[in-house]
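According to mature numbering (1 follows the signal peptide of the UniProt record, and there is no 0), the residues represented by the sequence shown are -23 to -1, 1 to 619, in order. Note that CB positions come from ideal geometry on N, CA and C, so glycine has one too. Being a predicted model, the structure only gives us computed values, none of them experimental. Before any comments, here is the structure.
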Amino acid sequence: FSFLQERLRYMLVLLLLLHGTDSFYVPGVAPMNFHHNDPVEIKAVKLTSSRTQLPYEYYSLPFCQPAKITYKAENLGEVLRGDRIVNTPFQVSMNAEKKCEVLCNFPNKPVILTVEQSKLIAERIREDYYVHLIADNLPVATRLEFYSNRDEEEKKKEKDVQFEHGYRLGFMDGNKFYLHNHLSFILYYHREDVEENQEPTYRVVRFEVIPQSIKLEDLKADEKRMCTLPEATGSAPQEIDPSKENQLLFTYSVHWEESDIKWASRWDTYLTMSDVQIHWFSIINSVVVVFFLSGILSMIIIRTLRKDIANYNKEDDIEDTMEESGWKLVHGDVFRPPQYPMILSSLLGSGIQLFCMILIVIFVAMLGMLSPSSRGALMTTACFLFMFMGVFGGFFAGRLYRTLKGHRWKKGAFCTATLYPGVVFGICFVLNCFIWGKHSSGAVPFPTMVALLCMWFGISLPLVYLGYYFGFRKQPYDNPVRTNQIPRQIPEQRWYMNKFVGILMAGILPFGAMFIELFFIFSAIWENQFYYLFGFLFLVFIILVVSCSQISIVMVYFQLCAEDYRWWWRTFLVSGGSAFYVLIYAIFYFVNKLDIVEFIPSLLYFGYTALMVLSFWLLTGTIGFYAAYMFVRKIYAAVKID
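And the structure:
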């Protein structure tokens, strides 16, 4: 009954929060209730480093192992992220303190690391690896306290607290390596309200760790595996010498604290961002800029067009009109099918597929249904949605292909289903071979790859064919003017009508509207942060759609005024101009923000960036193309043509 009440409360909260734009957390799983002394399982997820971008599984290093190692069954998203969730030998009981306990082996028989193992640990410490553990599905965090730049008096009172995901494997001092071999777990619980005669129940609401490095000689341990920690001042850290065998003990302590945090808001600590203010400023800034520009563009275009249409439609001044230049002169050629109509319609079909997938994913995530607590849910949802959106991609591609006087619909459908996914699969496969070579858990296992191929050819391909078939059978788009038999000669174009200049000019506005959000997305992908501000992302996506459409309309209007009717491909290329700026930003981010020096991590970064840029170009190009196509049909429908 209490569970039902809780659910109803969540539904109310959800309805209340639907008005806000920021995202919030809707628990995806039922809370776990613990009684006093119930075991709380600590599991390991993976080791990560933003310097190498290669995740490794927990037992790739010689940590203490339980009697039987069991891996959790994982969803597609977790596998693609490189998570390998596994049990650990830590014995933690609800609300039961542990001063200090040896994890494995006995005090008189310490863990002996071979030279190979010592080398490996030293290398991972040098590469700045973090260890990620979870307790009751909550990731472990390290508390960082620092003074913000306030006045001297305030400094004494207030510290700023931030949390780092996971804990550092070790640290370096000069050329020496030190391993964090003692973990002090601090778990926070929330006591649930129960009736008087019932046993109290607790829920885990926060999981922190303080990692320490303590030399074997300083850990005083007895036969019962109990140990005493040395005084903070007098202890030496546990050094790992990569040139010889090392002896050490892995120890841990557990401390419980009561907390006022409710179970529903237990993720808030992990998601506290210090720069929500920046988000609001950037969003408001983007909205103002975009709507200001929209107003100006709309006024200019509408006024100019009205004047044009009024001029072109004046019956009595036909002689004057004939001498004029402008977009009416190319009416007999404006709907002339372009070169390679099959490839164009295939790319636009993939663009529609991406658009539908991104729109639904961001919207669902904004409602809090893909919270970070359901690991890998976002990626799994995105993969499946892309497969199922093949119907829409196929339908739009088929209809456009027919409009462009195409006849080979089967070949067109195959092209739509395989062109973009084929490029993505090819790049990912090559990168995966390199990750395999490094024995990283980030490598997609062979069965998963086969499963993805089956999804592509078993779900996506048939759905694209189905959509294409209906799209091709449907009436083609109605073009308001007839195309002449003989193509008109195109006058020489000015320098600023060059394709590349167009791409540079058209990309600035959409990129400017979203580049702050891009910074947070990059941090989430490359620096193992949580990204959860899907409310902001949804707004940015809307702004992106609006700005791409406007820029595309303006560019196609200028092009037709210059009597150049080859606008099909050009609009698609130019509208995707912001992808060029995304590429430049990615290079800037790599140089300035990331500490990557090795070849394979750099290759991974640029490989995945290339995929992002390609997808972004398809997305923005498609939005711009359809906006321009609707605009061109509208303006030619408004003029009288003899």
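message: What ranges does the alpha helix (DSSP H) occupy inside the stretch 107 to 191, keeping only unbroken runs of at least 4 residues that lie completely in it?
response: List check, alpha helix (DSSP H) in window: 129 to 134.
query: If you draw a straight line from the alpha carbon of Val267 to that of Trp594, how long is it in whole angstroms?
result: Straight-line spacing of the CA atoms in Val267 and Trp594 works out to 20 angstroms.
task: Report yes if the CB atom of Pro430 is closer than 8 angstroms to the CB atom of Phe365, and no otherwise.
output: Here residue 430 is Leu; the residue named in the question, Pro, does not match the sequence. No; because the gap between Cβ atoms is not below 8 angstroms, this pair is not in contact.
message: Could you check whether the stretch 146 to 166 touches the stretch 219 to 231, counting it as contact only if at least three pairs of C-beta atoms, one from each stretch, sit closer than 8 angstroms?
response: Counting C-beta pairs closer than 8 angstroms gives three or more between the stretch 146 to 166 and the stretch 219 to 231, which meets the contact rule.
- request: Entirely within the stretch 7 to 71 and at least 4 residues each: give me those alpha helix (DSSP H) ranges in chain order.
  value: Whole alpha helix (DSSP H) segments, 4+ residues: 53 to 58.
- prompt: Cβ atoms of Val427 and Asn409: under 8 angstroms apart, would you say?
  reply: At a Cβ-Cβ threshold of 8 angstroms, Asn409 and Val427 do not count as neighbours.
field: Terminal residues of the beta strand (DSSP E) in which Glu235 lies
entry: For Glu235, the enclosing beta strand (DSSP E) has its first and last residue at Thr228 to Glu235.
message: Alpha carbons only, please: which of Val231, Arg610, Ile286 and Asp218 is nearest the one belonging to Leu80?
response: The residue with the shortest Cα to Cα distance from Leu80 is Val231.
- request: Return the bridge partner residues of Ile89 from the DSSP annotation.
  value: In the DSSP output, where bridge partners are listed per residue, Ile89 has Gln224.
task: State the start and end residues of the unbroken beta strand (DSSP E) segment that holds Val616.
output: Counting along the chain, Val616 falls outside any beta strand (DSSP E), and DSSP gives it neither H nor E.
query: Whose CA, out of Tyr35, Gly371 and Val307, lies closest to the CA of Ala21?
result: Of the listed residues, the one whose Cα sits closest to Ala21 is Tyr35.
task: Can you say whether Tyr603 is buried or exposed, counting buried as having 16 or more other CB atoms within 10 angstroms of its CB?
output: Buried is the call here.
task: Work out the CA separation of Lys221 and Lys192 for me, nearest whole Å.
output: If you draw a straight line from the Cα of Lys192 to the Cα of Lys221, it comes to about 16 angstroms.
Helix, strand or coil at Cys81 [DSSP, three-state]: Taken through DSSP and simplified to helix, strand or coil, Cys81 comes out as coil.
- prompt: How long is the line joining the alpha carbons of Lys16 and Ala50, rounded to whole angstroms?
  reply: With the sequence shown as reference, residue 16 is identified as Pro, and Lys is not the correct amino acid for it. Taking the straight line from one Cα to the other gives about 21 angstroms.
message: Going residue by residue through the stretch 401 to 428, where are the continuous beta strand (DSSP E) segments of at least 3 residues, counting only ones entirely within it?
response: As for any beta strand (DSSP E) of minimum length 3 sitting wholly inside the stretch 401 to 428, there is none.
message: According to DSSP, simplified to helix, strand and coil, what is Lys197?
response: Lys197 sits in a strand when the DSSP states are folded into three classes.
task: Give me the Cα-Cα distance between Asn72 and Pro177, rounded to the nearest whole angstrom.
output: Cα to Cα, the separation comes out at about 11 angstroms.
task: Specify, as a first and last residue, the run of the alpha helix (DSSP H) that Ser555 falls within.
output: Ser555 to Asn569 is the extent of the alpha helix (DSSP H) around Ser555.
message: The alpha helix (DSSP H) that contains Thr380, what's its start and end?
response: Per DSSP, Thr380 belongs to the alpha helix (DSSP H) from Gly367 to Thr380.
task: Would you mind reading off the limits of the alpha helix (DSSP H) that contains Ala241?
output: Counting along the chain, Ala241 falls outside any alpha helix (DSSP H), and DSSP gives it neither H nor E.
query: Short check: CB of Cys77 to CB of Thr246, under 8 angstroms?
result: Inclusion of Cys77 and Thr246 in the CB contact set at 8 angstroms is not warranted, their separation being larger than that value.
task: Go through its chain and collect everything with a Cβ distance to Val590's Cβ below 6 angstroms, but skip five positions before and after it.
output: So the qualifying residues of the chain are Ala556, Val559 and Leu560.
message: Which residue marks the beginning of the alpha helix (DSSP H) containing Lys305, and which one marks its end?
response: It is not in any alpha helix (DSSP H) - Lys305 carries neither H nor E in the DSSP assignment.
query: How would you call Leu24, buried or exposed, if buried means at least 16 neighbouring beta carbons within 10 angstroms?
result: Classification for Leu24: buried.
Alpha-carbon spacing of Gln565 relative to Val338, whole angstroms: Per the sequence shown, residue 565 should be read as Phe rather than Gln. Taking the straight line joining both Cα atoms gives about 28 angstroms.
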